[in-house]
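Residue numbering for the sequence shown follows the UniProt record's numbering, starting at 1 and increasing by one per position.
Glycine included, every Cβ here is placed at the ideal spot set by N, Cα and C.
Given the structure is predicted, the values throughout are model-derived calculations rather than measurements.
The structure under discussion appears below in the form of structure tokens.
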Amino acid sequence: MHQKLRFNLRYHTHYGQEIYLLGNIPALGNDVPHQALRLQWENDDWWSATIHITADTPVVLQYQYILRELEEVTYEGGIREIPLEPARETYQFTDTWSYAGKPEHAWQTAPFTRVFFRHPVQQPDIRHATHLFRVQAPLLPAGKTVCLLGSIPQLGGWNIETPLLLQYDAQGWFTAALQLPATAATPVRYKYGIYDLDNHTFEYYENGPDRELPPYDTSGLAVLHDDFVRRDYPLWKGAGVAVPVFSLRSNEGFGTGEFADLAPLAQWARQGGLQLIQLLPVNDTISTWTWRDSYPYAAISSFALHPLYIRLQDVGRLPDSHPLQRQFHSLRQWLNEKEDVDYETVLSYKLAYLKALYEAEGEKLQTRAYWQWFAANEHWLLPYAVFCYLRDKYHTSDYSRWPEYNQYDYTAINQLVIADRAAADTAHFYFFIQYHLHLQLQSAVEAVHREGIALKGDIPIGISRYSADAWMNPGLYHLNMQAGAPPDSFTAEGQNWGFPTYNWKKMMADGCDWWQQRLRHMSVYFDAFRIDHILGFFRIWQIPQHAVQGLLGHFHPAIPVSREELLQKGIPFEEERFCQPWVTDAILDQIFGSYAGIVKDRYLYTLPNGRYAFQPHCDTQRKIRELQLPEAVESALFSLIADVLLIKVAKGERVMYHPRYDLAGTNSFAALDAVTQQRLLALYHHYFYVRQESCWRKEAMHKLPLIRRATRMLICGEDLGMVPHCVPGVMQAQGILGLEVERMPKRSGQDFAAIFEAPYLSVLTPATHDMSTLRGWWEENAGISRKYYQQVLKHPTPAPLQANPVLIKEIIGQHLQANAMWRIFQIQDLLAASGYMPDQHPDKERINIPAVTQHYWRYRINKPITDYELRKF
């Protein structure tokens, strides 16, 4: 059967602008932006399009409008979603452009619709309807609904005693399906209002003028998407706790926090007046089978959950005579008494116990629920399980070193599981683990929601180089590059995270399908998520494989500098002088002293100009790292290698250059004449702070909407570090919450961020997991603490040497008074403010130290969460 769909969009445009329609059916581009349908311009206020589709089965239509002007792309907020009935021949949609940056869109995300402001779901009966009215009304409490009144009898004739009550549908819209007359003597006018269901009373009309019913085709269904009820929305504010799952402690846990511990954590949070729990990534990171895998941002799968977080006794119990069962209680007690997580011991025992359970009870999984879960997740589950099998078989997650299956082929790995009993058994064992992890996390989420608490996850900006993701889709990543960050307050050498960078051109070709799948999977468990390093969607700090330090990277994408431009600016450019390390006798003597001669003999050779260059066996930082030299020697050689002014790159057939970050701090720069220094600094400043802005804005405006439209989760971006000027505006326009940290002001010249000036669409926090706690920060720098105490807290007395509960409570209290939508606190700070001050040094409470490349993520709270009382602030 054929259906006719007519779309009418009300949006005022000007010359040069075009409107496109993107949807989940072929006629609307199958969610691939460059295949979207261009609308026809009717006049300055209306655009339209008509399509014909074949509809033999019901389909849920999802669509969204896009504005294009030259290379600029702007997506509207939200996605309209409506079931299409095959029996209906014609649909006529009348829509209004909805700006994505409105707070109302944030209030329509999962924390608000699934947790805080839930309404009974009812699908309207449209069989005999001529019109379907749809409108959104966020922040509407339970017991209230939207009502409709209008100028004709079918709309109640403006009688507030008998308004038409709207139903709340599964897509989060209030709806009314009505049969209206074909003609009316005068234009039909209507408005929405708010109705009290408990008291059966009309409360008030929406603001603004009456709405007017547009002309419609009586042979079909006219669908009116009226955006939001126009009312005075309060600026809703909430607070939350940030804690890694592994940091939780309970008597039932096994040496680490587990998914089951989220339920008592939610009870604790609710009693303290919190509304949200924020976690670190919970994906499987098992790569080396050592404590180094405790780093939660290097997952071997963007979908699989980490076995560390499973509760063994909720999976099953081994016979009392089994050796693993005999040591269960004593080992659990010993691990639970430890101050920190013993990652290797906990994980090895859990996997051994699970293996024994699987061998004894694996057949019990053959249930309908299991197979439904398997079918929904097979696209990532089977490759992940085979990846784990091959990792274990060949004792490495570096798939390039596997003698077989080093190139992913779905048919081949499927045949492997069918034909090879060992592969099949291992794969099914990992299915078994993942299914029970799913059940336990799902149960925990339900318990968290019952307490009125939302759950916020964390999306790493990168994927592990040695992961199932990279193995399956190597074309989606630049595997010859590494992601990181330029030097900052954490480290003077920059950061090298080791992740490959994304091949965004390839990802955008299918509408970021990999991202869409990843986020949809995450939304099964989480209501909101934090994008780690959201600046990577604007540009990423890209480091070549031969470098170890982030110092030798450059932003990508970025507009590089040509040889001609350098010469045009009066810079006497010579590639060897500007792009090779500046090594002289004086520098070597200064660094190595009496050992300078040995360094020259082993690692350097003399150039005709009298300077030195590195010998081929050590002419990159990676080669130096492979020599396994003493740390001090390696560090000194790294510094020499990085002493360059420009980073040379190939761009097509041309050679181009990027200024090295902080080039003014190099010996090479110091050796330049004053005029060249001045010109090079001007180029440097323009390159980093002016030249790239338009490029980076365009990149983000193409990518972020595709991330936002994947799910209804609330999106929060971690936008710390070297922030381009375009970032706040883009995030605001996309309705993505930014991160504001009081001790990391984004404005230059400030010691502390002005938290009362934080935008409403933001998350405000005293510290992140990458920082010291409030107790630790207070003792790091007495001068900073004193200035904060007197200038921010306005105390005339001397600052205390240590942060006591009263002081920490005062700092938290100030954050709670700010206007940001969310105020989130590390669990260590909330416990300290409630009077629970651990005996150990504050540094022991720190979760991560970014400057330490191989950091052990193992912090745990001192006692079970049920032993603490969170006091309301």
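Rounded distance between the beta-carbons of residue j and residue i, thought under 8 Å
i: residue 477; j: residue 496; result: In fact, because the Cβ distance is near 16 Å, the residues do not count as touching under 8 Å.
i: residue 342; j: residue 257; result: Not confirmed; about 13 Å, so no contact.
i: residue 740; j: residue 755; result: 7 Å
i: residue 481; j: residue 500; result: 6 Å
i: residue 588; j: residue 596; result: 4 Å
i: residue 388; j: residue 430; result: 5 Å
i: residue 280; j: residue 769; result: 7 Å
i: residue 175; j: residue 124; result: 5 Å
i: residue 864; j: residue 443; result: Not quite, the Cβ-Cβ distance comes to about 19 Å (not below 8 Å), so this is no contact.
i: residue 21; j: residue 65; result: 6 Å
i: residue 874; j: residue 723; result: Because the chain here runs from 1 to 873, residue 874 falls outside it and cannot be looked at.
i: residue 851; j: residue 490; result: 5 Å
Reduced DSSP secondary structure (H/G/I, E/B, other) of residue i
i: residue 8; result: strand
i: residue 354; result: helix
i: residue 226; result: strand
i: residue 263; result: helix
i: residue 174; result: strand
i: residue 494; result: coil
i: residue 159; result: coil
i: residue 203; result: strand
i: residue 573; result: coil
i: residue 866; result: helix
i: residue 131; result: strand
i: residue 237; result: coil
i: residue 647; result: strand
i: residue 293; result: helix
i: residue 653; result: coil
i: residue 658; result: strand
i: residue 271; result: helix
i: residue 880; result: Because residue 880 is not part of the residues shown, which for the chain are 1 to 873, the question remains open.
i: residue 469; result: helix
i: residue 258; result: coil
i: residue 872; result: coil
Other residues of its chain near residue i: CB distance less than 8 Å, five sequence neighbours each side excluded
i: residue 186; result: 151
i: residue 233; result: 103, 104, 107, 138 and 139
i: residue 822; result: 237, 238, 239, 240, 276, 716, 737, 762, 763 and 764
i: residue 855; result: 295, 848 and 849
i: residue 699; result: 504, 537, 538, 539 and 557
i: residue 207; result: 230, 231 and 232
i: residue 228; result: 98, 102, 104, 135, 136, 137 and 138
i: residue 379; result: 517
i: residue 561; result: 646, 656, 657, 658, 659, 683 and 687
i: residue 336; result: 249, 251, 253, 254 and 255
Cβ shell of residue i (< 7 Å), same chain only, five flanking positions each side left out
i: residue 283; result: 299, 301, 302, 304, 305 and 306
i: residue 440; result: 259, 260, 310, 311 and 314
i: residue 511; result: 31, 32, 33 and 706
i: residue 836; result: 868
Any non-hydrogen atom of the ligand MN within 7 Å of residue i CB
i: residue 760; result: The model on display carries no ligand, and the ligand MN is accordingly not part of it.
Cβ neighbours of residue i in the same chain (closer than 6 Å, five flanking residues each side left out)
i: residue 647; result: 554, 658 and 660
i: residue 93; result: 7 and 223
i: residue 180; result: 130, 131 and 154
Three CB pairs or more closer than 8 Å across the stretch 536–553 and the stretch 478–492: yes
Contact the stretch 619–630 vs the stretch 501–521: 3+ CB pairs below 8 Å: no
Those runs of the alpha helix (DSSP H) which lie wholly inside the stretch 668–724 and span at least 4 residues: 674–686 and 693–708
Inter-stretch contact (C-beta, 8 Å, three-pair minimum) for the stretch 815–825 and the stretch 846–855: no
Every unbroken beta strand (DSSP E) within the stretch 581–613, with a cutoff of 3 residues, ordered by chain: 604–606
Runs of alpha helix (DSSP H) wholly within the stretch 742–806 (minimum 4 residues, chain order): 774–780 and 782–787
Complete runs of the beta strand (DSSP E) confined to the stretch 822–862 [at least 3 residues]: 822–826
Entirely enclosed beta strand (DSSP E) segments - the UniProt domain "CBM20" (1–109), minimum 3 residues: 2–10, 17–23, 40–43, 46–54, 59–69, 72–75, 80–84 and 90–96
Given 8 Å, three or more beta-carbon pairs between the stretch 312–328 and the stretch 342–354: yes
Completely contained beta strand (DSSP E) runs for the stretch 402–466, where each covers 3 or more residues: 454–459
The stretch 92–101 contacting the stretch 68–81, beta-carbon criterion three pairs below 8 Å: yes
3-residue-minimum beta strand (DSSP E) runs that sit fully inside the stretch 510–556, ordered along the chain: 528–531, 540–544 and 554–556
The stretch 671–686 contacting the stretch 568–588, beta-carbon criterion three pairs below 8 Å: yes
Secondary structure, alpha helix (DSSP H): runs of 4+ residues fully inside the stretch 296–369: 312–315, 323–326, 328–337 and 343–361
Inter-stretch contact at 8 Å, needing at least 3 Cβ pairs: the stretch 198–214 / the stretch 720–739: no
At least three beta-carbon pairs within less than 8 Å, the stretch 8–16 to the stretch 39–55: yes
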